[in-house]
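So the sequence lines, in the order shown, correspond to chains B and L. Taking our numbering, I'd label the letters of the first sequence as residues 1 to 140. Taking our numbering, I'd label the letters of the second sequence as residues 141 to 280.
There are 2 protein chains.
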Amino acid sequence: MSTESNHLRKAGLKVTLPRMKILEMLENSETRHLSAEDVYKSLLESGEEIGLATVYRVLTQFETAGLVARHHFEGGHSMFELNEGDHHDHILCVKCGRVDEFMDETIEKRQRQIAQDAGYEITDHSLYIYGICPDCRGKA
Amino acid sequence: MSTESNHLRKAGLKVTLPRMKILEMLENSETRHLSAEDVYKSLLESGEEIGLATVYRVLTQFETAGLVARHHFEGGHSMFELNEGDHHDHILCVKCGRVDEFMDETIEKRQRQIAQDAGYEITDHSLYIYGICPDCRGKA
DNA sequence: ACTACGGATGCAAAAGCTTCTCATTATTAT
DNA sequence: ATAATAATGAGAAGCTTTTGCATCCGTAGT
Numbered sequence: 001m002s003t004e005s006n007h008l009r010k011a012g013l014k015v016t017l018p019r020m021k022i023l024e025m026l027e028n029s030e031t032r033h034l035s036a037e038d039v040y041k042s043l044l045e046s047g048e049e050i051g052l053a054t055v056y057r058v059l060t061q062f063e064t065a066g067l068v069a070r071h072h073f074e075g076g077h078s079m080f081e082l083n084e085g086d087h088h089d090h091i092l093c094v095k096c097g098r099v100d101e102f103m104d105e106t107i108e109k110r111q112r113q114i115a116q117d118a119g120y121e122i123t124d125h126s127l128y129i130y131g132i133c134p135d136c137r138g139k140a
Numbered sequence: 141m142s143t144e145s146n147h148l149r150k151a152g153l154k155v156t157l158p159r160m161k162i163l164e165m166l167e168n169s170e171t172r173h174l175s176a177e178d179v180y181k182s183l184l185e186s187g188e189e190i191g192l193a194t195v196y197r198v199l200t201q202f203e204t205a206g207l208v209a210r211h212h213f214e215g216g217h218s219m220f221e222l223n224e225g226d227h228h229d230h231i232l233c234v235k236c237g238r239v240d241e242f243m244d245e246t247i248e249k250r251q252r253q254i255a256q257d258a259g260y261e262i263t264d265h266s267l268y269i270y271g272i273c274p275d276c277r278g279k280a
C-alpha cells in the first residue's frame with residue numbers, strides 16, 4: 001500500500017486515480033508551489049486524462065483535509081503547496097516568480113501577541129514579502 | 141481649490157467628477173477598506189451616474205499614483221484603502237469581515253533582515269492576521 | 001467665454017479564474 | 001461479482017476585473 005493512498009485514506013477520501021496523480025504531482029514538483037492550472041497542464045502533458053474541474057475539486061478537498069495549503073499571492077490566482085513539516089512564510093520575486101520560504105519565530109510570536117492585544121482569537125495568518133531575487137538583481 | 145483636486149493634480153490626473161467622487165467616498169468611508177463594488181454601489185445610491193469600469197480604472201490609477209493601497213484579502217476580490225499616514229498591516233475577522241490595523245516595528249525590522257539574508261531587494265510586503273474579533277467571540 | 005484637442009467615461013462585451021450541473025464512470029462494502 | 005454511493009469529465013455558469021469603442025468632458029490657448 002503506497003504512502004499516497006494512506007494519506008488519502010487518513011483524510012477520509014476515496015483513493016482514486018486523479019487524487020493519486022495530483023498528490024504525486026505536488027510531491028514531485030520542483031517549485032513546490034503550483035496553481036491549479038499548473039497541475040492540470042502537467043497532468044495532461046503526462047498523458048493523464050483529467051478535467052480542470054476535478055483538479056480544483058481535489059485541491060480544495062486536500063486543503064480542507066489539511067494536506068495542502070492554499071496561498072493567495074499577488075495576481076489573483078491561488079497557489080497550492082503540499083503541507084509537510086512545519087509552518088513557514090514566503091518571500092517571492094516580482095520579476096521571475098521564484099518563491100522562497102522562511103520561518104521566523106520572532107515574527108510568529110509578535111503576531112500572536114498582536115492578535116491577543118486586539119482581542120482576536122487567531123485562526124490563521126499570511127505573510128508575503130515581495131522583492132527582487134538575487135538572480136534578477138544582476139540582470140539590470 | 142479643494143484638497144481633493146490638489147491630490148489629483150499632484151498625481152498628474154485630470155480633475156474629473158468621477159475621480160472626485162471616488163476620492164471623497166474613500167475619505168469619508170467609515171470602514172476605510174472598500175471593494176470596487178462597494179464604492180460603485182455607494183455612489184449609485186448617492187445618485188451619482190458612474191460605471192463600474194470607471195471605478196476600477198480610477199482605483200487602479202489611484203494605486204499607481206500612490207493615493208490608495210490595494211489589498212488582497214482572502215476571498216478573491218480586492219480591497220482599497222486610502223493611503224494616509226504611515227504604513228500598517230491588518231488583522232481581520234473571518235466571521236464579520238471587520239478590519240483592524242496595526243503596526244509593529246519589530247516585525248518590520250525582521251522582515252527587512254529576512255529579505256536581506258535571502259539576497260532579495262524588498263519592494264513590498266503584506267501581512268494579514270485572520271481571526272475572530274472580540275464581538276464575534278461572544279456570540280458563541 | 002469659446003474652441004479644439006486629448007484624455008476620461010459608460011456601456012457592453014470579453015477575459016480569466018473558479019465553481020456548479022449532470023450524465024457517466026469508478027470505488028468500496030457486501 | 002453486485003449494488004450502493006461517491007467521484008469524474010465536459011461544458012455551462014458565476015464573479016471579479018479588464019478592454020474596445022463611441023461619446024463626453026477638462027484643460028489650455030485664444
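All C-beta atoms, glycine included, are put in the ideal place defined by N, C-alpha and C.
Mind checking who C233/L pairs with in its DSSP beta bridge?
Against the second sequence, residue 233/L aligns to sequence position 93. G271/L.
Report yes or no: do three or more beta-carbon pairs, one from the stretch 36-55 of chain B and one from the stretch 90-101 of chain B, lie closer than 8 Å?
Counting Cβ pairs under 8 Å, fewer than three are found: no touch.
So, under 8 Å CB-CB, Y270/L and L232/L are touching, yes? Tell me the CB distance rounded to an integer number of Å.
Working through the second sequence from its first residue, we reach residue 270/L at position 130. Working through the second sequence from its first residue, we reach residue 232/L at position 92. Yes, they are in contact, since the Cβ atoms of Y270/L and L232/L sit about 6 Å apart, within 8 Å.
For the beta strand (DSSP E) that contains H7/B, what are its first and last residues?
Within the first sequence, numbered from 1, the residue matching residue 7/B stands at position 7. Unbroken run through H7/B is the alpha helix (DSSP H), T3 to K10; no beta strand (DSSP E).
If you measure from the beta carbon of S126/B to each beta carbon in chain L, is any gap under 8 Å?
On the first sequence, residue 126/B is found 126 positions in, with the first residue counted as 1. When Cβ-Cβ separations below 8 Å define contact, S126/B makes contact with chain L.
Going by DSSP in three states, F202/L sits in which element: helix, strand or coil?
Translated into the one-based positions of the second sequence, residue 202/L becomes position 62. Reduced to three states, the DSSP call for F202/L is helix.
Any beta carbon from chain B within less than 8 Å of V234/L's own beta carbon?
As a working mapping, residue 234/L is identified with position 94 in the second sequence. Answer yes: the Cβ-Cβ gap between V234/L and chain B drops below 8 Å somewhere.
Grouping DSSP H, G and I as helix and E and B as strand, with all else coil, what is E245/L?
As a first step, residue 245/L must be located in the second sequence, where it is residue number 105. In the structure shown, E245/L sits in a helix (DSSP, three-state: H, G or I).
Using DSSP with H/G/I as helix, E/B as strand and the rest coil, what is S142/B?
This structure does not reach residue 142/B, given that chain B is present from 1 up to 140, and the question cannot be answered.
If I follow the unbroken alpha helix (DSSP H) through L183/L, where does it start and stop?
The residue labelled residue 183/L in the question sits at position 43 within the second sequence. Start and end: A176 to E185.
Which residues, in chain order, does the stretch 208-236 of chain L contribute to contact with chain B at a C-beta distance below 8 Å?
H212, E214, G216, I231, C233 and V234
Give the residues of chain B in contact with G278/L, contact being defined as C-beta atoms less than 8 Å apart.
Taking the first residue of the second sequence as 1, we reach residue 278/L at position 138. Those do not exist, as G278/L stays about 10 Å from chain B at its closest Cβ, beyond 8 Å.
State the DSSP-derived secondary structure class of V155/L, mapped to helix, strand or coil.
Residue numbering aside, residue 155/L sits at position 15 when the second sequence is read from its first letter. Coil at V155/L, not helix or strand.
Rounded to whole angstroms, what's the CA-CA distance from I254/L to N168/L? Just pull it up for me.
The count along the second sequence starts at 1 and reaches residue 254/L at position 114. The count along the second sequence starts at 1 and reaches residue 168/L at position 28. C-alpha separation (whole angstroms): 37 Å.
Exposed or buried, what is R19/B when buried is set at 16 or more other beta-carbons lying within 10 Å of its beta-carbon?
For the purposes of this step, residue 19/B is identified with residue 19 of the first sequence, where counting begins at 1. Counting the other CB atoms within 10 Å of its CB gives R19/B a total of 16 or more, which places it among the buried residues.
Rounded to the nearest angstrom, how far is the Cβ of E74/B from that of H228/L, given a contact under 8 Å?
For the purposes of this step, residue 74/B is identified with residue 74 of the first sequence, where counting begins at 1. For the purposes of this step, residue 228/L is identified with residue 88 of the second sequence, where counting begins at 1. With 8 Å as the limit, E74/B and H228/L do not qualify as a contact, their Cβ atoms being about 18 Å apart.
Would you list the one or two residues that DSSP bridges to L82/B?
Numbered from 1 along the first sequence, position 82 holds the residue referred to as residue 82/B. In DSSP, L82/B forms a bridge with V68/B.
Let me confirm a value: D257/L is counted as buried when at least 16 other C-beta atoms fall within 10 Å, else exposed. Which label applies?
The sequence position of residue 257/L within the second sequence is 117, counting from 1. Exposed is the call here.
Buried or exposed: where does D240/L fall if 16 or more other Cβ atoms within 10 Å of its Cβ makes it buried?
Taking the second sequence and counting its residues from 1, one reaches residue 240/L at position 100. The residue is buried, with at least 16 neighbouring Cβ atoms inside 10 Å.
Output needed for V179/L: all residues of its chain with C-beta closer than 8 Å, excluding positions within five of it in sequence on either side, in chain order.
Within the second sequence, residue 179/L is the residue found at index 39, counting from 1. I162, M165, L166, V195, L199 and F220.
For the stretch 111-123 of chain B, enumerate the residues whose C-beta is nearer than 7 Å to any C-beta of chain L, in chain order.
Q111, I114, A115, A118, G119, Y120, E121, I122 and T123
State yes or no: is the beta carbon of I107/B nearer than 8 Å to at least one beta carbon in chain L?
The residue given as residue 107/B occupies position 107 in the first sequence. At least one C-beta of chain L is nearer than 8 Å to the C-beta of I107/B.
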